[in-house]
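Numbering (UniProt numbering), first residue to last: 1 to 415.
Have a look at this one:
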């Protein structure tokens, strides 16, 4: 009952504001409209919970609430347009990136993203995945004569356990192709306004289509927008999936435009969405050789790059994802730093640096200083290099994050 009272209160405020012609303060009106919309959304959610038990009267209320919310959305858009006409630099940034170059469509601004990976050579292992993406995306761009008269597969799905490098691969391919790169996730385009999510999806695809140069759209966590249908599916989910399927279908005929979607849960995707991906690529956990390649890549600036003791680490990292191995090395690199907290004997070097004394390998016991870490001058502490024992020690605490049962589920889906 409190929700209904709050809704009435906000609508009364809106009515008073409009009657008093306070339209000069669009910010106040917009805030009140948002409060009204939030109350309507709360009421709709409460009604949806008991969808099958709703009375005819409650169904009429739900329909009226959705119509009212749509009208409030239109009023809010008009106020924003009026505000934007006074302030040409204002706008709604739905998607955030790192590149200053942008593309705009009406009042929505999409930021291009600079790939975080420079190329496929920065991706360890996954040779089959790289070959497939090279054949599908890079070859048609660099050797177009090979594909004359053939339809290019420009919609791909990357699926596999979390932490296997799906996002890194998308960034690497965008860098290799020198493509305009848009990277979004389902959370970037969700809107609480009726029809807002569908409009954002449409605007996003229109932005990509209008690009003159090669463009890659990467959609992470695509399962957040288009899970398979079920009896309790809401009207909102149906509308979003319909919009996505329409955009996917239209995207097939766009030259030099590529769509890569990623998911950790391919079995949750609607079958109609799955069919629209011309290529579905499994990104598995790294095997033994790939784990060694990744470990060497992560330690290329250390003395461990060619350490023969990696064999022991490889035996104990079966089932580790690329993300797990990265966490393992990150924690191993922190061990020498953690040891500094207990160090009380330091060796002062010729350049006035303080290094913890190593009794095992030390041959020079001159210039020793007895003090705590807090007493060492700022900026003068040096750590010992990370060694293979640090990695072995961290294997006692860092464990695989992907359970075996889930791997079986992926293999079943692939087959």
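The beta-carbon is built from N, C-alpha and C at its ideal position, and this holds for glycine as well.
Counting only residues of its own chain and dropping the five nearest sequence neighbours on each side, residue 280 has a CB closer than 6 angstroms to the CB of 157. 7 angstroms or more divides the Cβ of residue 381 from the Cβ of residue 283.
Annotated as distal: residue 155 and residue 247, with beta-carbon spacing of 7 angstroms or more. The shortest CA-to-CA distance from residue 219 to any of 238, 194, 261, 179 is the one to 261. Only residues of its own chain outside the window of five on either side were considered, and among them 123, 126, 283, 322 have a CB closer than 7 angstroms to the CB of residue 165, listed in chain order. Selection 333, 228, 243, 234 evaluated against residue 206 yields 243 as nearest (Cα-Cα). Listed in chain order, the non-local C-beta contacts of residue 147 below 8 angstroms within the same chain comprise 139, 140, local neighbours out to five positions each way being set aside. In the structure shown, residue 317 adopts coil according to DSSP, grouped into three states.
Inclusion of residue 385 and residue 303 in the CB contact set at 7 angstroms is warranted, their separation being smaller than that value. Beta bridge pairing from DSSP links residue 171 with no other residue.
Judged by beta-carbon spacing, residue 211 lies beyond the 7 angstroms limit of residue 185, meaning their Cβ atoms are not closer than that value. In this structure the region 390-397 does not touch the region 363-377; the number of beta carbon pairs closer than 8 angstroms is below three. A Cβ-Cβ distance of about 6 angstroms is found for the pair residue 325 and residue 294, placing them in contact under the 8 angstroms criterion. The alpha-carbon separation between residue 237 and residue 187 amounts to approximately 14 angstroms.
The Cβ-Cβ distance between residue 115 and residue 177 does not fall below 7 angstroms. In this structure residue 192 is not in contact with residue 239, their Cβ atoms being roughly 14 angstroms apart against a cut-off of 8 angstroms.
Annotation for residue 397: 331 place their beta carbon closer than 8 angstroms to its own, counting only its chain and skipping 5 residues before and after. Beta-carbon to beta-carbon, residue 182 and residue 118 are separated by about 18 angstroms, too far to satisfy the 8 angstroms threshold. Of the residues assessed, residue 226 falls on the buried side of the cut-off, its CB having 16 or more other CB atoms within 10 angstroms. Residue 290 and residue 412 have their C-alpha atoms some 23 angstroms from each other. Shortest Cα-Cα distance from residue 374 to any of 342, 245, 271 involves 342. Straight through space, the alpha carbons of residue 338 and residue 257 are spaced by roughly 49 angstroms. Distances from the alpha-carbon of residue 402 to those of 298, 162, 152 put 162 closest. Within the UniProt domain "AAA+ ATPase" (152-287), the complete alpha helix (DSSP H) segments of 4 residues or longer fall at 166-176, 186-189, 196-210, 235-251, 271-275, listed in chain order.
Per DSSP, reduced to three states, the secondary structure at residue 376 is coil, with no helix or strand assignment. In terms of Cβ geometry, residue 270 and residue 241 form a close pair [threshold 7 angstroms]. Residue environment for residue 301: exposed (fewer than 16 other C-beta atoms within 10 angstroms of its C-beta). Cα atoms of residue 131 and residue 372: separation of roughly 54 angstroms, rounded to the nearest angstrom. Distances from the alpha-carbon of residue 203 to those of 189, 216, 214 put 189 closest. At the C-beta level, residue 223 and residue 265 come within 7 angstroms of one another.
In the three-state DSSP reduction, residue 381 falls in the strand class (E or B).
Sequence-distant Cβ neighbours of residue 310 in its own chain, meaning closer than 7 angstroms and more than five residues away, are 292, 295. Counting of Cβ neighbours within 10 angstroms places residue 168 among the buried residues, the total reaching 16 or more. When secondary structure is reduced to three states using DSSP, residue 348 falls in the strand class. Residue 369: member of the beta strand (DSSP E) spanning 368-370, first to last residue.
Under DSSP, residue 356 shares a beta bridge with 346.
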